[in-house]
Structures are given as structure tokens and as C-alpha cells.
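Numbering (the working numbering), first residue to last: 154 to 403. Note that CB positions come from ideal geometry on N, CA and C, so glycine has one too. Structure, as C-alpha cells:
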């Protein structure tokens, strides 16, 4: 009887433990994959329990996965992501834009939410060989070319794109200028521009951006917001935590 109860509790706890996982140190990624990636072993099936994967710094701790750092275990991380076949949401922060293209072919076939930044690489649909149904892309502090952002807008399943921009930079101007490209997408429902920074900077930028969007005639599909709850990392990590809490509360 006790064995039966123990087995039942074990089966209930595992999905909770693995649903939403976060790593900010390279050694933790290495240890996790080495421990779980054992062919034909029961523990290897736990990769399929992961639905939300967050790689990178948090508001409270930076870790060692920094932009341009050699600490990134790129091949192992590629393997890790490819094994998470039930993954729905992927957040990768501060990864070198020069290596992002190596991850595109391994993005799992059920992935529908991707968060990248800052200075990430383009999302090239030709490299997404598993055709993940990405609906929501968050791009932080990254300047994509018009062609690159148009490809994102026109991705077949894309319905929402969110772009974080620093108020005290050219980011908001570039984001607003590219808003005209939403008219070239049939599926995109919302292009959200989030202005980050001190209120003294964000308010005038938002006012100017609102006027520009009205003149462009795209205000019905473009949303402009100020990041009132802190930095973009605060917002992104907060959403990850909220997702985990919602799953636990089910």
C-alpha cells in the first residue's frame, strides 16, 4: 500500500517539478543534461515534462551566461532543447547573436512562444525545420532590419510580436518606423512596443510615438506601452514565474 501511495505521489510531483525550469549557470545546464540524457532510461522521459524553459539571468542574479561569454555550453544546450519535445515556451537571454541560428533547427515542433534579447539574431523561417507554431515573439533591445522584422511579422502562425526598447536610445524610433510593416502580414494581430527607462524619458517618447503611429494609420494593430513595472528582465522573468504558478494552481 505504501509503495502504491509513494508511486502516486511521485507521478503527481514530477510534472510540477519539471513543467517550468530555469537555468542561469552553465554548470547547472551541463549537470541536468548529463543526468537526464540516458538512452532508454526512464529518467530521459522527463525532458517531455518541460513546457517552459528559461535560460539566462534573472532580476536578482546574473549568473555566468553573459553575452559573448565562452561559458555557454552551446552543443549541449542544442541537445537539451531538442529533447524537450513538449516545450511550449522558450526564453534565452544574453546569447550571442552569432550562434542563435544554430538553435533554430532544433526548436521543438510544439513551441509557440519565444523570448530573446538583448541583441539576438534574426528568426529565419527557413532554418525552423521543425515548423514550430510560434505565435508570440518577444524581442528585447535588438535592432532587426526591415526585411528581418517583416519575416517575423509574416511567419505563418505569428499573431503577436512584442519589442522592448530603451527610451534613451534610437530603439523606439526604429520600432515605430517598422510598424508600417504590419500591413504586410495577414495573421499578425498585435505589434507591441514597450518603452523602458525612467518616466521622464519614456513619457515624451511615448507621446511622440503615438502621434507617429496615428499618422501611419496602423494604430489599430500597434500597442504602445511604458514599462512601469521595472526593467524588461523583470517583466520577462515575472511572466515565467506567473506561468509556473498558474500550472501549480491547476
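- Going by beta carbons, residue 302 and residue 325 fall outside the 8 angstroms limit.
- If you draw a straight line from the Cα of residue 264 to the Cα of residue 335, it is about 23 angstroms long.
- Sorting 237, 287 and 253 by C-alpha distance to the C-alpha of residue 307 places 287 at the top.
- Taking residue 214 as the centre and dropping the five residues before and after it, the same chain places the C-beta of 177 closer than 7 angstroms to its C-beta, in chain order.
- Nearest neighbour of residue 298 by Cα position, chosen from 212, 275, 372 and 351, turns out to be 275.
- Fewer than three pairs of CB atoms, one per stretch, sit closer than 8 angstroms, so the region 313-329 makes no contact with the region 279-286.
- Judged by DSSP in its simplified three-state form, residue 288 adopts coil rather than helix or strand.
- Beyond the five residues adjoining it in sequence on each side, residue 396 comes within less than 8 angstroms, by CB distance, of 173, 205 and 242 in the same chain, given in chain order.
- Residue pairing from DSSP places residue 319 in a beta bridge opposite 349.
- With respect to the 8 angstroms criterion, residue 371 and residue 338 are not classified as neighbours on the basis of their beta carbons.
- In the same chain as residue 400, and ignoring 5 residues on each side of it, the C-beta atoms closer than 6 angstroms to its own belong to 172, in chain order.
- In this model, residue 256 and residue 246 are separated by some 13 angstroms (Cα to Cα).
- For residue 310, the number of other beta carbons within 10 angstroms of its own is below 16, and it is reported as exposed.
- In the structure shown, residue 242 adopts extended strand secondary structure according to DSSP, grouped into three states.
- C-alpha of residue 352 to C-alpha of residue 208: approximately 29 angstroms in a straight line.
- In the structure shown, residue 275 falls within a coil segment according to DSSP collapsed to helix, strand and coil.
- By the neighbour-count criterion, in which 16 or more other beta carbons inside 10 Å mark a residue as buried, residue 266 falls on the buried side.
- In this structure, residue 232 lies near residue 186, with their beta-carbon atoms less than 8 angstroms apart.
- With contact defined as three or more Cβ pairs closer than 8 angstroms, the region 221-238 and the region 376-392 are not in contact.
- DSSP places residue 328 within a helical segment (H, G or I) once states are collapsed to three.
- In the displayed model, residue 368 falls within a helix according to three-state DSSP.
- DSSP places residue 379 inside the beta strand (DSSP E), whose first and last residues are 375-379.
- Relative to the Cα of residue 368, the nearest Cα in the group 330, 323, 380 and 390 belongs to 330.
- In this structure, residue 212 and residue 390 form a Cβ contact; the two beta carbons are roughly 6 angstroms apart against a cut-off of 8 angstroms.
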